[in-house]
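Counted the way the working numbering counts, the sequence shown spans residues 2 to 281. All C-beta atoms in this analysis are idealised placements derived from N, C-alpha and C, irrespective of residue type, glycine included. Notes to accompany the following structure.
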Amino acid sequence: MKQRVLSVFLCIALLLSLLSLTAGAVEPTRYVVLGDSIAYGSGLSNPKEAVYGKIVADTNGYAYENYAVPGHTTANLLRRMETEAVRAAIQSADIISISIGGNNFLLGNINGLLYDGIVTQNYARFDEIAAGFYEDLGTIINEIRALNADTAIVLQTLYNPQTGYVGDVYQRGADRLNAKLWAFAEANPGEILVADVAQALTDSEKDFAKDRIHPSAQGNEKIARVVLQTLFDNGIGSETEPVIQTPGADARGTGIFTIFVNLYGRFFHLLSVIRRVFVR
């Protein structure tokens, strides 16, 4: 009889111990990545294992989800945020990282913008795109806050992967978008954290993949370092030195897009020289 009573007490003690452990278990921080091909990892042959978002998650022990889509603009991101899966991810996220805006310039605009920037030096369309970016950005943040008022939102500045004539045009576009991003952060204190990726990716030979658009493995590690530092500085993350579980491998292939863009850049530069001679 005594043995049975003792067994019952032992079972109860074990059950209470298990319940205590379960109650005390801490859910991992949920880290969600949204945005474009940069956030997706298009410059890598193994983006799922080595993109900067995965590095950040591995470093701090986050539960990681990536919903980025190559080619997406701010308008595309807003539509993607209407899907059930993305809305559920936003609702449960503790941290949301966003890379967006570069395609607002590139898709459907690049030839005209190169002409404007090199030949006529008329930046009205640049300013128009930047204004649209600012408006969409406000809508994106408002939509996120409506789903999750407490999540930390990290927005990345846009880098310039190009050089020469095209690089000058890219820089004017990136400067305008980044100015809008910083202006939004200043006008809405506490709403977003800005990870200044643009100041970190400065090595045009090593920071970018062969396509001369997307970050290389080294570039992704640098972005991860900037995001980690941003989180740490704001009392969110615990580490600043990236933990690389799977080394990144740069994607193969040539930069066909960049080759054509640079040809356009040279053509428009020649056209600008001719224009200066004949147009007074």
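Simplified DSSP assignment, three categories, for residue i
{"i": "residue 157", "result": "strand"}
{"i": "residue 28", "result": "coil"}
{"i": "residue 275", "result": "helix"}
{"i": "residue 180", "result": "helix"}
{"i": "residue 130", "result": "helix"}
{"i": "residue 250", "result": "coil"}
{"i": "residue 23", "result": "Residue placement at residue 23 is flagged as unreliable, the pLDDT there being 42, under the threshold of 50; a coordinate-derived value is accordingly withheld."}
{"i": "residue 99", "result": "strand"}
{"i": "residue 216", "result": "strand"}
{"i": "residue 202", "result": "coil"}
{"i": "residue 122", "result": "coil"}
{"i": "residue 174", "result": "helix"}
{"i": "residue 38", "result": "helix"}
{"i": "residue 151", "result": "coil"}
Top-ranked residue by Cα proximity to residue i, from the options
{"i": "residue 250", "options": "200, 48, 27 and 176", "result": "48"}
{"i": "residue 131", "options": "192, 78, 82 and 104", "result": "104"}
{"i": "residue 76", "options": "145, 134, 275 and 220", "result": "134"}
{"i": "residue 238", "options": "51, 253 and 62", "result": "62"}
{"i": "residue 205", "options": "163, 241 and 234", "result": "163"}
{"i": "residue 156", "options": "40, 124 and 240", "result": "40"}
{"i": "residue 124", "options": "136, 177 and 78", "result": "177"}
{"i": "residue 59", "options": "241, 113, 73 and 188", "result": "241"}
{"i": "residue 137", "options": "91, 74, 89 and 243", "result": "74"}
{"i": "residue 168", "options": "233, 56 and 114", "result": "114"}
{"i": "residue 197", "options": "180, 122, 252 and 129", "result": "180"}
{"i": "residue 106", "options": "222, 145, 129 and 92", "result": "129"}
{"i": "residue 186", "options": "253, 154 and 248", "result": "154"}
{"i": "residue 36", "options": "78, 146, 223 and 236", "result": "78"}
{"i": "residue 248", "options": "42, 46 and 51", "result": "51"}
Cβ-Cβ separation, residue j to residue i (assumed contact under 8 Å), whole Å
{"i": "residue 127", "j": "residue 80", "result": "24 Å between Cβ atoms; not a contact."}
{"i": "residue 65", "j": "residue 32", "result": "5 Å"}
{"i": "residue 158", "j": "residue 199", "result": "4 Å"}
{"i": "residue 160", "j": "residue 175", "result": "7 Å"}
{"i": "residue 44", "j": "residue 216", "result": "5 Å"}
{"i": "residue 98", "j": "residue 34", "result": "5 Å"}
{"i": "residue 142", "j": "residue 192", "result": "6 Å"}
{"i": "residue 96", "j": "residue 140", "result": "Rounded, the Cβ-Cβ distance is 20 Å, inconsistent with contact."}
{"i": "residue 116", "j": "residue 90", "result": "That pair is no contact at about 40 Å."}
Bridge partners - residue i, DSSP secondary structure assignment
{"i": "residue 66", "result": "33"}
{"i": "residue 93", "result": "BP columns for residue 93 are empty, so no partner."}
{"i": "residue 195", "result": "156"}
{"i": "residue 106", "result": "For residue 106, which the question treats as bridged, DSSP gives no partner whatsoever."}
{"i": "residue 209", "result": "216"}
{"i": "residue 45", "result": "251"}
Inset, instruction - Flag this pair as touching only if the stretch 219-229 and the stretch 80-95 have three or more C-beta atom pairs under 8 Å; answer yes or no. - result: no
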